[in-house]
Amino acid sequence: MLVRALKPPFAVAGEMWFTEDLSFSLNFTESVLMAADLKNIISIRDFDRDGLLEVLEKAHVVEQDLPAGLLAGYVLGVMFIEPSTRTRLSFASAMVRLGGEVLDFGDPARSSLQKGESLSDTVKTLAGYCDVMAIRHPWEGVARHSAQIAGIPVINAGDGSNQHPTQTFLDLYTIQKTCGGLDGLRVGFIGDLRYSRTVHSLVEALSFFDDELCFVSPGALRVPEHLLDEIKQRGVDYQEYDTPDEILSELDVLYCTRIQEERFADKLEYEQVKTCYRIDKELIKKCGAKETLKIMHPLPRVDELSADIDDTPHAVYFEQAKNGVPVRQALLAMVLGKL
Amino acid sequence: MDDNQNPVQLNVSAIRHGTVIDHVDSRATFQVARILQVESEENKVLVGLNLESGNLGLKGIIKIENRRLTAEEANKIALVAPDATLNIIENFRVVKKAKVELPEQIERVVKCYNPRCITNNQPGDTHFKIIGSRPTALRCRYCERVMKGNAILLK
Ligand SMILES: [Zn+2]
Chain A
89 MLVRALKPPF AVAGEMWFTE DLSFSLNFTE SVLMAADLKN IISIRDFDRD GLLEVLEKAH
149 VVEQDLPAGL LAGYVLGVMF IEPSTRTRLS FASAMVRLGG EVLDFGDPAR SSLQKGESLS
209 DTVKTLAGYC DVMAIRHPWE GVARHSAQIA GIPVINAGDG SNQHPTQTFL DLYTIQKTCG
269 GLDGLRVGFI GDLRYSRTVH SLVEALSFFD DELCFVSPGA LRVPEHLLDE IKQRGVDYQE
329 YDTPDEILSE LDVLYCTRIQ EERFADKLEY EQVKTCYRID KELIKKCGAK ETLKIMHPLP
389 RVDELSADID DTPHAVYFEQ AKNGVPVRQA LLAMVLGKL
Chain B
183 MDDNQNPVQL NVSAIRHGTV IDHVDSRATF QVARILQVES EENKVLVGLN LESGNLGLKG
243 IIKIENRRLT AEEANKIALV APDATLNIIE NFRVVKKAKV ELPEQIERVV KCYNPRCITN
303 NQPGDTHFKI IGSRPTALRC RYCERVMKGN AILLK
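In order, the protein sequences belong to chains A and B. Quick note on my numbering: the first sequence kicks off at 89 and runs consecutively. Quick note on my numbering: the second sequence kicks off at 183 and runs consecutively.
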């Protein structure tokens, strides 16, 4: 295949634009086109392996030796147009513990946006009141758009079903901390693998590391084809399974997600799936899981993860939630140029 | 005209001055015609479908008199008909022949298919990165969804 240097992105309008070469073909690598942008934290796709590891290392530094007062005098603006109490509190905790302050804009849908103001105007105005913003919105791409117009760093706290990068960083951080690294692991994902943004982003991030991924889900909730294509291209080793019993004994990490009843037209099928995908002490024992198996969950959980796991060394999900704080502290300090 | 000696060139040279868009994937011919807005073209336009072509199988061809394409038009054509060639005709002769080429990124001309994408909910330009060819694959800069081949929606 003949690989040519890419043309500059935009030709001058009105000009004929073509190449003399009739045999050209294109070979794109996405990572080249999406460079890390640490002025803002918008998408896990903006990071490569080194970029991911850099953030995790800084989170580690923050956790080991909290530089109290590092963000004194800075204000974090929290604009959540979709509710998520835990994410909001985790951001607030991170900022306050670094000596910074938090302005919560509440739900702008009830104020200016409700009065017909455009999202862009709201973002530009609110950006004038703070030094960094955390934005959550049901539309996909809002954080990227806001970062272009805010004039201050923007951190994506969830844009629809697209990205929630701080969650992915805390998941990576938890795996790194509890397993001693991010390479050479067999990581299982169980539950709704089709619609879970959390799973998709973590799978993308892990594809930079030398791991084997095991996907356990009912047929209707498999990992989307486009994501499988993507990780295949990166040479990721993966397998799909119908039930956890088939693979549980070989896993180093099991990442659980909730299966929502709404995904099933047939309630009976949902009940069966629910039973089959429930992780509890008995199943762990029956399958002969490794003693070192770490079980993760983005929380909140319902029935899919039994509370009888909580007092076993497998349970790392509360630690995982707690890890959101040092990770967000590191990201806040990084975008503000303080770390 | 010596072009008459060659039946293929005769085919291409049926207009005096203008542009011939050749080697269009036959199924994409009307999409290309729409991109060029031939319905409002006042000059002579010829559209051919299902013509024999060695490597393409069946190809389409569009000839427009007295017209040169803009970069934006050429980019759009590259999205739907990546094998298309542009022939510039002067005095019944091909004076320049070139392939369309996909740019690295494409602004405005493509619409994102995702209804929850900010570009479909707020005024503003769309922006896509081209991440693959044959079939063309684009990723929305905002919602990060990928559109491929026939699923690409032109504005
Ligand atoms: Zn989009």
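All C-beta atoms, glycine included, are put in the ideal place defined by N, C-alpha and C. Only a predicted model underlies this, so the values are computations on that prediction, with no experimental measurement involved.
Tell me, which residues are paired with residue i by DSSP?
i, result
"residue 341 of chain A", "A:275 and A:382"
"residue 190 of chain A", "A:164"
"residue 309 of chain B", "B:289"
"residue 224 of chain A", "A:168"
"residue 203 of chain B", "B:244 and B:268"
"residue 302 of chain A", "A:276 and A:327"
"residue 229 of chain B", "B:244"
"residue 234 of chain B", "B:240"
"residue 251 of chain A", "A:247"
"residue 403 of chain A", "A:383"
"residue 319 of chain A", "Looking at the DSSP assignment, residue 319 of chain A forms no beta bridge with any residue, so it has no partner."
"residue 418 of chain A", "None; residue 418 of chain A has no bridge partner."
"residue 280 of chain B", "B:268"
Label residue i either buried or exposed according to how many other C-beta atoms from any shown protein chain fall within 10 Å of its C-beta, with 16 as the threshold for buried.
i, result
"residue 387 of chain A", "exposed"
"residue 407 of chain A", "exposed"
"residue 411 of chain A", "buried"
"residue 200 of chain B", "buried"
"residue 301 of chain B", "buried"
"residue 385 of chain A", "buried"
"residue 244 of chain A", "buried"
"residue 325 of chain B", "buried"
"residue 305 of chain B", "exposed"
"residue 317 of chain B", "exposed"
"residue 228 of chain A", "buried"
"residue 269 of chain A", "exposed"
"residue 330 of chain B", "exposed"
"residue 205 of chain A", "exposed"
Verify the contact flag: residue i, CB atom, against every heavy atom of ligand 1, threshold strictly below 7 Å.
i, result
"residue 327 of chain B", "yes"
"residue 322 of chain B", "yes"
"residue 229 of chain A", "yes"
"residue 244 of chain A", "no"
"residue 345 of chain A", "no"
"residue 303 of chain B", "no"
"residue 296 of chain B", "yes"
"residue 299 of chain B", "yes"
Given a cut-off of 8 Å, decide if residue j and residue i are closer than it, judged by their beta-carbon atoms.
i, j, result
"residue 246 of chain B", "residue 230 of chain B", "no"
"residue 173 of chain B", "residue 262 of chain B", "Any answer about residue 173 of chain B is impossible in this case: the structure gives chain B only from 183 up to 337."
"residue 279 of chain A", "residue 405 of chain A", "no"
"residue 273 of chain B", "residue 202 of chain B", "no"
"residue 326 of chain A", "residue 301 of chain A", "yes"
"residue 423 of chain A", "residue 185 of chain A", "no"
"residue 214 of chain A", "residue 165 of chain A", "yes"
"residue 289 of chain A", "residue 256 of chain A", "yes"
"residue 392 of chain A", "residue 372 of chain A", "no"
"residue 147 of chain A", "residue 415 of chain A", "yes"
"residue 282 of chain B", "residue 336 of chain B", "no"
"residue 257 of chain B", "residue 297 of chain B", "no"
"residue 375 of chain A", "residue 333 of chain A", "yes"
"residue 240 of chain A", "residue 218 of chain A", "yes"
"residue 346 of chain A", "residue 390 of chain A", "yes"
"residue 306 of chain A", "residue 361 of chain A", "yes"
Could you pull out every residue in the same chain whose Cβ sits closer than 6 Å to the Cβ of residue i, ignoring the five residues on either side in sequence?
i, result
"residue 287 of chain B", "311"
"residue 246 of chain A", "224 and 252"
"residue 295 of chain A", "319, 322 and 324"
"residue 187 of chain B", "With a pLDDT of 48 at residue 187 of chain B, under the threshold of 50, the modelled position of that residue is not reliable, and no figure is offered here."
"residue 119 of chain A", "Residue placement at residue 119 of chain A is poorly supported in this model, since its pLDDT is 39, which falls under 50; the coordinates still yield a value, given next. Once the five neighbours on either side are set aside, the close Cβ partners of residue 119 of chain A are 136."
Checking contacts by CB at 8 Å: is residue i closer than that to chain D?
i, result
"residue 207 of chain A", "The displayed structure is made up of protein chains A and B, and chain D is not among them."
Kindly list the residues whose CB is nearer than 8 Å to the CB of residue i, restricted to its own chain and excluding five residues on each side of it in sequence; keep chain order.
i, result
"residue 214 of chain B", "203, 206, 242, 244, 259, 262, 263 and 266"
"residue 310 of chain A", "281, 282, 303 and 328"
"residue 235 of chain B", "205 and 241"
"residue 397 of chain A", "367, 368, 369, 372, 383 and 403"
"residue 101 of chain A", "Only weak support exists for where residue 101 of chain A lies, its pLDDT of 32 falling under 50; the value from the coordinates is given anyway. Nothing listed; no residue qualifies."
"residue 379 of chain A", "401"
"residue 221 of chain A", "164, 165, 166, 167, 211, 214, 215, 234, 238, 240, 241, 242 and 243"
"residue 172 of chain A", "224, 245 and 246"
Leaving aside the five residues before and after residue i along the sequence, list all residues of the same chain whose C-beta is less than 7 Å from its C-beta, in chain order.
i, result
"residue 335 of chain A", "276, 302, 304 and 329"
"residue 160 of chain A", "187 and 188"
"residue 237 of chain A", "208, 211 and 212"
"residue 349 of chain A", "358"
"residue 255 of chain B", "217 and 218"
"residue 418 of chain A", "143, 146, 147, 150 and 427"
"residue 433 of chain A", "Residue numbering for chain A in the displayed model covers 89 to 427; residue 433 of chain A lies beyond these limits and cannot be assessed."
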